[in-house]
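Read the structure below first, then the notes.
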Amino acid sequence: MEKILEIKSLVKNFGDHQVLRDISFQVEKGEVICIIGSSGSGKSTLLRCINFLEQPTSGEILYHGKNAETEWKRTVYHSKVGMVFQSFNLFGNMNALENCVLGQMQVLKINRPDAEKKALHYLEKVGMAAYRGARPAQLSGGQKQRVAIARAFMKNAPIVILDEATSALDNKSEAVVQQAIDNLMKDRTVLVIAHRLSTVKNADKIFVINNGQIVEQGNHDELIALNGEYAALYNMQFKTKHQHEG
Ligand SMILES: Nc1ncnc2c1ncn2[C@@H]1O[C@H](COP(=O)(O)OP(=O)(O)OP(=O)(O)O)[C@@H](O)[C@H]1O
Ligand SMILES: [Mg+2]
C-alpha cells in the first residue's frame, strides 16, 4: 500500500468558531474514504481545506509525503485533486459541453477538438451526452451533478473529492448518478461526503465527523458492530430513507 495523502493535526477556525479540531488521517492510494456526519459538523470545510479552497488555520497536508503547500507548487498539487462541489459550481451561461471543455483548454492547454472529444466521452459515461447543449438552468439537480462529476473526472486527477448534494434525487436518478460515480471511481483515490447508502457501505473506510472531529472510523461492518454514532445515523437516516436499496 502506498500512502497518497496525509492530513496532520488540521485545524480550521472561522473567527471564534473552531470548525475543525485537530483532524489527522492517512489515505492509501486507491482507497474510497467516505465522510459522514450531521449538518454543520465540518465535512465540507474539511474537504475544502484539503483542496486549499479554505486556508487551514494550522496543520499539514502531505501529498506523497511532501507538504502540499511548501514542497509542492500550488498549481501542481491542484492538478492532483479534482473536486465536485455540493453546489456543482457549473457556469450558468455555458452549456454542459462548454462547462467540461473550459478547464481542459484553459488549465490543461488541450486544443478545442480534443477537449470536446474528451468531454463527450465523459458526458457519455455519466449518461449526459444527449444534454451537451443544455445550460445548467435547463437541467435537473441530478443532471447538473452528473455534468459536474464528468468535469471533475476529466481532470484525470489521482485524487477526487466529492461533496455529494444532499438534495433528494428520485430513485432512478440516484441509481444513474451512483453508477456514474462507481464507474469513474475505479483506479482513483476518492474522498466523498456521501449521502447514498451504497457509497457508504462500499467505502474502504468511513469517517464519522462530529463537531469538527473524527469520532469513529472503520468500514460499515466494523462501525455497525461498534454500535455508536454511525450505527445510530445508519438506522435513522439511511435505513428508513433507503429501504428500497435493502
Ligand atoms: N466561510 C465560512 N465562514 C464562516 N463559517 C463557516 C464558513 N463555512 C462554513 N462555516 C461554518 O462551519 C461549520 C461547518 O460547515 P460545513 O459546511 O463544513 O458543514 P457540513 O458538515 O458540510 O454540513 P452539511 O452537511 O450541511 O453540508 C458550520 O457551522 C458553518 O456555519
Ligand atoms: Mg457540506
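Our numbering puts the first residue of the sequence shown at 143, with every later residue one more than the last.
Ideal placement from N, C-alpha and C gives every residue a C-beta, glycine not left out.
Give the range of the alpha helix (DSSP H) segment to which residue i is assigned.
i      : result
Leu265 : 254 to 267
Leu333 : Here Leu333 belongs to no alpha helix (DSSP H); instead the beta strand (DSSP E) covers 331 to 335.
Gly283 : 283 to 296
Gln320 : 313 to 327
Ser186 : 185 to 192
Leu195 : From DSSP, Leu195 is part of no alpha helix (DSSP H); its letter is neither H nor E.
Tyr273 : From DSSP, Tyr273 is part of no alpha helix (DSSP H); its letter is neither H nor E.
Tyr372 : 371 to 375
Ser340 : 339 to 344
Since residue i is in the beta strand (DSSP E), which residue starts that stretch and which ends it?
i      : result
Arg163 : 159 to 170
Lys145 : 145 to 156
Leu304 : 301 to 305
According to DSSP, residue i sits in a beta bridge with which residue or residues?
i      : result
Gln359 : Phe349
Val174 : Val332
Glu202 : Lys150
Would you mind working out which of the options sits nearest residue i, comparing C-alpha positions?
i      : options                        : result
Gly275 : Glu213, Asn313, Met236         : Met236
His159 : Thr199, Lys208, Asn253         : Thr199
Ala345 : Asn241, Gln355, Met327         : Met327
Glu211 : Thr187, Thr341, Glu148, Gln246 : Glu148
Asp256 : Gly182, Val243, Val268, Glu266 : Val243
Ala294 : Leu265, Leu281, Tyr273         : Leu265
Leu250 : Gly269, Leu262, His220         : His220
Val174 : Asp329, Lys215, Val218         : Asp329
Leu281 : Asn377, Leu232, Lys171, Gln248 : Leu232
Cys191 : Ser180, Glu316, Asn369, Lys150 : Lys150
Arg338 : Asn325, Ile366, Val357, Ala317 : Ala317
Lys343 : Asn325, Val357, Tyr372, Ile356 : Tyr372
Ile356 : Ser181, Gly157, Asn155, Asp164 : Asp164
Glu196 : Lys215, Glu213, Asn155         : Asn155
Indicate whether residue i and residue j have their beta-carbon atoms separated by less than 8 Å.
i      : j      : result
Asn361 : Ile348 : yes
Ile203 : Val169 : no
Met296 : Lys260 : yes
Gly201 : Val153 : yes
Phe230 : Lys286 : yes
Leu162 : Leu333 : no
Lys267 : Ala336 : no
Gly234 : Ala279 : yes
Cys176 : Thr331 : no
Met270 : Ala292 : yes
Lys353 : Ser166 : Note that residue 353 corresponds to Asn in the displayed sequence, not to Lys. No; because the gap between Cβ atoms is not below 8 Å, this pair is not in contact.
Ala238 : Tyr273 : yes
Arg288 : Val319 : yes
Val218 : Asn193 : no
Leu375 : Ile178 : yes
Lys171 : Glu144 : yes
Report yes or no: is there a C-beta of chain B within less than 8 Å of the C-beta of residue i?
i      : result
His263 : Note that chain B does not occur in the displayed structure, where there is just one protein chain.
What are the complete beta strand (DSSP E) segments, minimum 3 residues, inside the segment 206 to 255? Whole beta strand (DSSP E) segments, 3+ residues: 223 to 226.
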